[in-house]
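Numbering-wise, the sequence shown is residues 114 to 919 according to the numbering used here.
Here the structure comes first, spelled out in structure tokens, and everything after it is commentary.
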Amino acid sequence: MSKRRKQNRSQPDASSPALPDAAPISLGLFCDAKLLFLTGLLITARYFLPAESAPQGETLPLVLAWFLVAILFFTSQYTDCARSLRLDRFDAAVWLLVLGQALSALIMILFYEGQQRAALHMLWEWMALGLSFSLFRRIIRFPSQRMTFLHCFMATIVLLSLYGIWQHHWMYKQLAREYQSVRQQYDAALTPETQAKFQHELISMGVPANALSGSGRKQFEARLLDSSEPLGMFALANTFAGLLTVGFLIAVGLSVHSLLPPRTEGSPPVDRNRLQIVVYLISTMLISYCLILTKSRSAWGGALAGLVCLGLLKLLQRQRLRQTTQRLSRKQLITGVTLVGCVLVGFFLLATLSGGFDRAVLSEAPKSLQYRIEYWTGTWDVIKENLMWGTGPGNFREHYLKYKLPGSSEEIADPHNLFLDVWANAGLIALAGLLLIIALAGYQWFLKPLLQKQPADSRSPVNDEADSFLRLALVLGFAFTFPLLWILQLFLSGIDESVLWLFLPGWAVIYVLLRGGRKQTADQAVLDLSPTSLIPLSLAAGFVALSVHLLVAGGIAMPAITQTWLLLLALAFPVTPAPSPENSEQVDSDQAQQCPPQSVHKKTLALALCGLLLILFVMSDFAPTFQRQSLVKRAEQTLMRGQSDRIAQQLFSQAGQVDPFSPEPWQALAELKFREGVQNRQAFEEAVSFKQAAIQRNPLSPLNYFELGRRYYEQFEASHQQEDLTDAIENLNRAVSGYPHNARYRALLAEAFHAAGQISESREEAEQALKLDQANRSAQHVDKYLTDETVSRMKQIINERQTNQN
114 MSKRRKQNRS QPDASSPALP DAAPISLGLF CDAKLLFLTG LLITARYFLP AESAPQGETL
174 PLVLAWFLVA ILFFTSQYTD CARSLRLDRF DAAVWLLVLG QALSALIMIL FYEGQQRAAL
234 HMLWEWMALG LSFSLFRRII RFPSQRMTFL HCFMATIVLL SLYGIWQHHW MYKQLAREYQ
294 SVRQQYDAAL TPETQAKFQH ELISMGVPAN ALSGSGRKQF EARLLDSSEP LGMFALANTF
354 AGLLTVGFLI AVGLSVHSLL PPRTEGSPPV DRNRLQIVVY LISTMLISYC LILTKSRSAW
414 GGALAGLVCL GLLKLLQRQR LRQTTQRLSR KQLITGVTLV GCVLVGFFLL ATLSGGFDRA
474 VLSEAPKSLQ YRIEYWTGTW DVIKENLMWG TGPGNFREHY LKYKLPGSSE EIADPHNLFL
534 DVWANAGLIA LAGLLLIIAL AGYQWFLKPL LQKQPADSRS PVNDEADSFL RLALVLGFAF
594 TFPLLWILQL FLSGIDESVL WLFLPGWAVI YVLLRGGRKQ TADQAVLDLS PTSLIPLSLA
654 AGFVALSVHL LVAGGIAMPA ITQTWLLLLA LAFPVTPAPS PENSEQVDSD QAQQCPPQSV
714 HKKTLALALC GLLLILFVMS DFAPTFQRQS LVKRAEQTLM RGQSDRIAQQ LFSQAGQVDP
774 FSPEPWQALA ELKFREGVQN RQAFEEAVSF KQAAIQRNPL SPLNYFELGR RYYEQFEASH
834 QQEDLTDAIE NLNRAVSGYP HNARYRALLA EAFHAAGQIS ESREEAEQAL KLDQANRSAQ
894 HVDKYLTDET VSRMKQIINE RQTNQN
């Protein structure tokens with residue numbers, strides 16, 4: 114470094130006031146460090162838990178932790194009077210979205226039918242998302258902290274990209290070999306004991322119980338043996354692709370910023386870190402390669418829209434910066450565009466040669482669009498039925514099945530569209546919040562002038578030593594996520610422990626490399642996030658890209674995706690403290706430390722409200738769910754060890770008592786009693802009562818009625834009692850009314866009608882079953898095919914009616 118540059122760095126900026134020399138570690142500083150640590154930990158944990166498991170309550174510990182962070186934040190306000198609790202427009206828009214979700218859930222629970230436990234799970238998940246957004250904007254406020262967070266966030270995405278590439282090239286092949294080996298032994302088992310042993314081994318490998326036989330097996334094996342899309346730590350490639358899209362655009366922004374740093378006329382040359390440039394470019398390549406491997410067309414479209422948005426914002430930025438004559442030669446521009454184009458083309462070729470990208474990805478696009486149109490058509494019918502309040506969070510699927518089109522591909526859990534998802538689940542209030550968020554973001558990024566005077570106190574108002582301490586706490590929060598999640602055993606089942614142990618050192622190495630091997634100063638962070646930089650624009654591009662992706666792929670109800678979407682806004686528009694008055698030096702220090710009584714009252718009210726919500730959350734959702742999951746797990750382990758069914762029944766009964774809203778324990782009790790066989794009438798009646806208790810807790814699920822109707826029909830075939838057949842027809846009719854385009858439901862109802870002598874109704878249901886089966890076969894929905902035996906039986910019923918007429 115030249116002598117002149119050293120002198121420039123050592124001299125403070127005359128235009129900004131001198132920063133006060135704070136104590137190395139004070140009470141307020143220690144509270145800030147704890148908040149940063151917990152924020153980093155909780156943000157990262159979302160990306161290493163299944164995003165799709167929120168309606169089952171698997172991520173409720175994160176909700177509890179966010180409430181504790183909020184209480185710690187409001188408590189720390191008593192020692193820091195500079196922080197304002199006033200909510201701005203972005204806070205209001207996000208909390209309007211959260212309010213819509215909460216009201217929809219409460220109205221469904223109080224006045225309508227539905228899965229109340231799932232609605233409560235999602236209600237509190239949305240509350241946690243609102244808290245995380247508002248707290249993040251006030252905890253990570255200063256450029257040095259925001260740049261540190263960006264590096265930690267990018268290190269997480271690069272790590273997941275490497276893991277996804279490993280999944281594509283090695284993990285799937287290894288899992289396929291292990292599955293086929295155990296599967297062959299399971300199929301060849303001669304005794305029930307041996308079969309139960311290999312069944313337990315298959316389930317421990319992550320094979321769902323409904324995938325052990327029939328169409329479920331075909332669907333699972335097709336996904337395992339024929340697919341190679343990386344999933345990261347998610348359950349769906351599309352969900353993973355949404356996160357990768359955001360990471361790709363931020364990586365592009367960091368790469369271009371490091372290659373072509375902003376420079377104004379008369380400014381000294383910028384010292385570029387070559388190591389950091391190389392690491393940024395390699396990170397961009399890794400993320401883009403993994404993104405291509407996901408075969409997510411919606412994510413690719415989102416990435417393209419993000420690049421267009423980034424270019425447009427850069428043009429607007431340059432137009433507004435003409436007065437400062439920012440220099441960017443045409444040669445540099447052409448070089449940057451050519452480099453990005455070559456990288457993208459090269460990785461498409463590499464993905465094609467490695468089998469990650471093929472012609473089917475593009476040729477199947479029209480069919481995929483057709484599926485989306487079918488989803489949206491059925492969703493619109495759901496919206497018309499629940500226009501104001503929606504179905505309630507976590508309850509969309511049960512309502513959608515009633516309007517699912519014949520031959521439609523999936524029994525979707527969300528509409529695969531950002532706006533329809535929010536409207537269908539939470540009604541008009543939540544939709545208004547969503548539209549307001551997008552409108553405010555568009556106004557701030559595209560209409561409001563981007564070039565604003567940088568606040569004089571935009572740096573952290575502490576000395577360098579304290580600022581480094583705060584940033585270290587944030588980094589440790591990210592790093593501590595991995596051992597914590599491993600200890601709590603919250604990772605996905607079936608993942609190699611050796612891979613998990615590599616996550617922490619791998620993340621640490623990636624983070625150090627992204628920093629360029631050197632310590633970042635507060636002044637450099639201010640320059641990186643200045644209005645002349647490309648990095649803030651990449652946040653806008655990531656927001657646009659993820660929104661475009663969600664327009665087709667869906668996922669706004671997944672907390673990990675919504676967290677990412679809101680994080681981009683929180684990073685772009687933090688809540689910074691108001692600048693100090695010019696005569697602040699003349700103010701008495703004791704008076705400056707005294708908070709106005711009105712401010713103290715607001716903080717006390719906020720703290721009390723947060724504490725009350727925490728108590729409500731624990732009593733209504735967290736404690737019952739935690740106790741029920743613990744008891745159900747103990748019961749399942751009892752059954753796996755081959756112990757007495759009576760012990761398992763007692764544990765399941767206790768689980769049903771501690772959690773009165775969940776149907777899971779009652780389902781398990783019903784299955785245990787049904788296993789005792791159709792010859793035990795008392796056991797059958799007990800199983801029916803348990804099944805009805807499960808239906809009472811999830812009354813809109815057609816599958817529950819179908820399963821109960823099937824059990825009644827099996828009992829009728831053994832007992833020949835007319836009341837069993839009558840109950841079978843009643844429940845099967847309810848199943849068909851809730852899911853009218855299900856061929857299996859129609860086929861069994863035709864059988865029941867035929868046994869009851871109702872020939873006309875039997876023939877009508879058989880014709881409908883064959884018609885739906887033909888639609889499924891035309892659309893190649895293998896998992897929904899009727900068996901050959903069932904098809905023959907339906908034709909026999911139809912022909913029998915025609916013979917009788919002749």
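A virtual CB, placed ideally from N, CA and C, is assigned to each residue, including glycine.
Nothing here was measured: the structure is a model prediction, and the numbers come from that model.
Specify the secondary structure class of Ile669 as computed by DSSP and reduced to three states.
Looking at Ile669 - three-state DSSP - the assignment turns out to be coil, as it is neither helix nor strand.
Could you tell me the boundaries of the alpha helix (DSSP H) in which Asn817 lies?
Here the alpha helix (DSSP H) through Asn817 covers Pro815 to Ser832.
Over what stretch of residues does the alpha helix (DSSP H) that includes Gln809 continue unbroken?
Arg794 to Arg810 is the span of the alpha helix (DSSP H), which, as asked, contains Gln809.
Count Cβ pairs between the segment 544–561 and the segment 215–230 that sit closer than 8 Å; are there 3 or more?
Taking 8 Å as the limit for Cβ pairs, the verdict is that the segment 215–230 does not touch the segment 544–561.
Is Ala783 buried or exposed, if buried means 16 or more other CB atoms sit within 10 Å of its CB?
In summary, Ala783 is buried, with 16 or more beta-carbon neighbours lying within 10 Å of its beta-carbon over all protein chains present.
Test item: CB-CB of Ile278 and Leu356 under 8 Å
Cβ atoms of Ile278 and Leu356: not closer than 8 Å.
Can you say whether Lys286 is buried or exposed, counting buried as having 16 or more other CB atoms within 10 angstroms of its CB?
With a 10 Å radius around the Cβ and a threshold of 16 neighbouring Cβ atoms, Lys286 comes out exposed.
Assuming Leu549 and Phe532 form a contact by the criterion Cβ under 8 Å, report the distance between their Cβ atoms to the nearest whole angstrom.
Not confirmed; about 13 Å, so no contact.
N-terminal and C-terminal residue of the alpha helix (DSSP H) that Arg296 is part of:
Looking at the DSSP string, the run of the alpha helix (DSSP H) that includes Arg296 is Tyr285 to Asp300.
Host alpha helix (DSSP H) of Leu518 (start-end):
Per DSSP, Leu518 lies in no alpha helix (DSSP H) and is assigned neither H nor E.
Mind checking His662: buried by the 16 CB within 10 Å criterion, or exposed?
With a threshold of 16 other beta carbon atoms within 10 Å, His662 meets it and is buried.
What did DSSP end up calling Glu523 once you bin it into helix, strand or coil?
Note: Glu523 maps to coil in three-state DSSP.
Exposure label - Leu883; buried when at least 16 CB within 10 Å:
Its Cβ being crowded by 16 or more others within 10 Å, Leu883 is buried.
Take Val657 and list the residues in its own chain whose beta-carbon comes closer than 7 Å to its own, dropping the five residues that flank it on each side.
Taken in chain order, the residues that qualify are Ala418, Gly419 and Cys422.
Is it the case that the segment 636–651 contacts the segment 499–509, given that we only count it when at least three CB pairs across the two stretches are under 8 Å?
No, the segment 499–509 does not touch the segment 636–651.
Count the other CB atoms, across all protein chains shown, that sit within 10 Å of the CB of Pro596; report buried if there are 16 or more and exposed otherwise.
Here Pro596 is exposed, its C-beta having fewer than 16 other C-beta atoms within 10 Å.
Please determine, among Gly424, Ile486 and Leu344, the residue with the shortest C-alpha to C-alpha distance to Ile405.
Measuring from the Cα of Ile405, the nearest candidate turns out to be Leu344.
Cutoff 6 Å; reference Asp703; Cβ partners in own chain excluding five residues on either side
In this prediction, Asp703 scores a pLDDT of 42, lower than 50, which makes its location untrustworthy; the coordinate-derived value is nonetheless stated afterwards. Closer than 6 Å at the Cβ level, and outside the excluded window around Asp703, lies no residue.
Of the residues Leu428, Gln893 and Pro174, which one's Cα is nearest the Cα of Leu650?
Across the set Leu428, Gln893 and Pro174, the C-alpha of Leu428 shows the shortest separation from the C-alpha of Leu650.
Could you check which residue in Trp489, Leu681, Glu342 and Tyr858 has the C-alpha nearest to that of Arg259?
With distances taken between Cα atoms, Arg259 lies closest to Leu681.
Taking the alpha helix (DSSP H) that Met235 belongs to, which residues open and close that run?
DSSP places Met235 in the uninterrupted alpha helix (DSSP H) bounded by Gln229 to Ile252.
Own chain, CB closer than 6 Å to Gln280, minus 5 neighbours either side, in chain order:
If we look at Gln280 and ignore the five residues flanking it on each side, its Cβ neighbours are Pro343.
Contact defined as beta carbons within less than 8 Å: I believe Phe246 pairs with Val207. What is the distance between those atoms, to the nearest angstrom?
Between Val207 and Phe246 the Cβ distance is about 5 Å, and since that is below 8 Å, they are a contact.
If you draw a straight line from the alpha carbon of Arg824 to that of Leu726, how long is it in whole angstroms?
Answer to the nearest angstrom: the Cα atoms are 43 Å apart.
Would you kindly report the start and end of the unbroken alpha helix (DSSP H) that includes Glu342?
Unbroken run through Glu342: none, as it is neither H nor E.
With a threshold of 16 other CB atoms inside 10 Å of the CB of Ile542, please say whether the residue is buried or exposed.
So Ile542 ends up on the buried side.
Alpha carbon to alpha carbon, what distance is there between Ala241 and Phe249?
Straight-line measurement puts the Cα of Ala241 at about 12 Å from the Cα of Phe249.
By a C-beta neighbour count over all protein chains shown, 10 Å radius and 16 as the cutoff for buried, is Ser189 buried or exposed?
Taking all protein chains in view, the Cβ of Ser189 is crowded by 16 or more other Cβ atoms within 10 Å, so the residue is classified as buried.
To the nearest angstrom, report how far apart Gln792 and Val801 are at their CA atoms.
About 14 Å.
Where Gly491 sits in the DSSP three-state scheme
Three-state result, Gly491: helix.
Leu605 versus Gln909: straight-line alpha-carbon distance, rounded
In this predicted model, Leu605 has a pLDDT of only 44, less than 50, meaning its place in the structure is not dependable; the value taken from the coordinates is given anyway. Between Leu605 and Gln909, the C-alpha separation is close to 47 Å.
Do you know how far the Cα of Pro737 is from the Cα of Val849?
Take the alpha-carbon of Val849 and the one of Pro737: they are about 33 Å apart.
Hey, is the segment 167–177 in contact with the segment 230–239, meaning 3+ C-beta pairs nearer than 8 Å?
Yes, the segment 167–177 touches the segment 230–239.
How big is the Cα-Cα spacing for Gln881 and Gln893?
Within the model, the alpha-carbon separation for Gln881 versus Gln893 is close to 18 Å.
Going by C-alpha to C-alpha distance, which of Ala178, Leu372 and Lys804 sits closest to Ile648?
It is Leu372 whose Cα lies nearest to the Cα of Ile648.
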